[in-house]
DNA sequence: CTGTATCCTTAGGGATACTG
DNA sequence: CAGTATCCCTAAGGATACAG
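Residue numbers (this note's numbering), protein chains in the order written: chain V, 132 to 265; chain W, 132 to 265.
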């Protein structure tokens, strides 16, 4: 794993170094919340990531063992990206992010149900999201 | 507030745009977890932020209304930085970050008690951290 | 469709000197 | 002490073309 030259041993700093950039979070969101698994799907996200950046970030996320490349069940010559256990453990973080934003900004319709659920039954929501990947 | 040209309305993307960089999280950690309030204190953190970057990030965090400049209680000509309510609402996120890291890496002694507490009584820990700033 | 490669511009950021 | 200002370099990243 990419464990090279961290700025410090602080756990917050660690998170910052692993997902503290302007694209990793968006890619992970696509996987965890949108169920995306393929390069083209990530590329199509409305934030508009460039192809070279996407490739670079996918490799970084793989290095950090948050995602992994798996053979494509449909096309034997191709592959897809899958979330790892380590990546799945970020779900509570994502839920808190959604709740934080929801407190201060209007939330798009696709996420409204998540917000409602998170407020009522946070652990249940986390479990449900996780369960989609087992 | 800095609400300019977001890449999308997605709540995850919003968090990414607000604190998704390599320094904001570290500065907020210094305030929330270390109780730092002054420029020189942030500058002294072991991650070694440069003076120009620190000044720039403090201004950004102010723009996002996560922190605010307040008159220094000790020296009337000077000031300090204080966390806002909006910033305080990030505490649950910080707790999840610590828990996530703790699952995969050794945690420095200063944070061990936080991890223990978070596992046992997450809401209590969040309340305790918040209560230091009222 | 899944990427690489290249070009080019801007932003990030380290080092250091300087100011009120 | 609390920043600004400057210099300079590297990394980030957008655009686009190309390849398997």
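Where is the CB? At the ideal position from N, CA and C, for every residue including glycine.
For residue 194 (chain W), not one C-beta of chain V is nearer than 8 Å to its own C-beta. Shortest Cα-Cα distance from residue 189 (chain W) to any of W:140, W:218, W:238 and W:138 involves W:218. Under the three-pair Cβ rule at 8 Å, the stretch 153–160 of chain W counts as touching the stretch 184–203 of chain W. Identification of chain V residues near residue 265 (chain W) by a Cβ-Cβ cut-off of 8 Å yields none; the smallest Cβ-Cβ distance measures about 18 Å.
Ranked by Cα distance from residue 141 (chain W), the first of V:203, V:231, V:223 and V:263 is V:231.
Counted as a single uninterrupted DSSP element, the beta strand (DSSP E) harbouring residue 213 (chain V) occupies residues 210–214. Of the candidates W:169, W:170, W:191 and W:137, the residue whose Cα lies closest to the Cα of residue 153 (chain W) is W:191.
Look at residue 232 (chain W) here: in three-state DSSP terms it is helix. The residues 214, 222, 225 and 260, in chain order, have a CB closer than 7 Å to that of residue 163 (chain V) in the same chain once the five nearest residues on each side in sequence are set aside. Straight-line measurement puts the Cα of residue 193 (chain W) at about 16 Å from the Cα of residue 145 (chain W).
Around the CB of residue 167 (chain V), 16 or more other CB atoms lie within 10 Å, so the residue is classed as buried. Interface annotation for the stretch 205–239 of chain V against chain W: 217, 220, 221, 223, 224, 225, 227, 228, 229, 231, 232, 233, 234, 235, 236, 238 and 239, criterion Cβ-Cβ distance under 7 Å.
Contact check for residue 211 (chain V) against residue 203 (chain V) passes: the beta carbons are separated by less than 8 Å. In terms of beta-carbon proximity, residue 156 (chain V) lines the interface with chain W, with at least one pair separated by less than 8 Å.
Chain order gives the chain W residues near residue 177 (chain V) as 139, where near means a beta carbon separation below 7 Å. Going by C-alpha positions, residue 253 (chain V) is about 30 Å away from residue 180 (chain V).
Scanning its chain for C-beta atoms nearer than 6 Å, with the 5 sequence neighbours on each side dropped, one finds around residue 150 (chain W) the residues 156, in chain order. In this structure residue 242 (chain W) is in contact with residue 229 (chain W), their Cβ atoms being roughly 6 Å apart against a cut-off of 8 Å.
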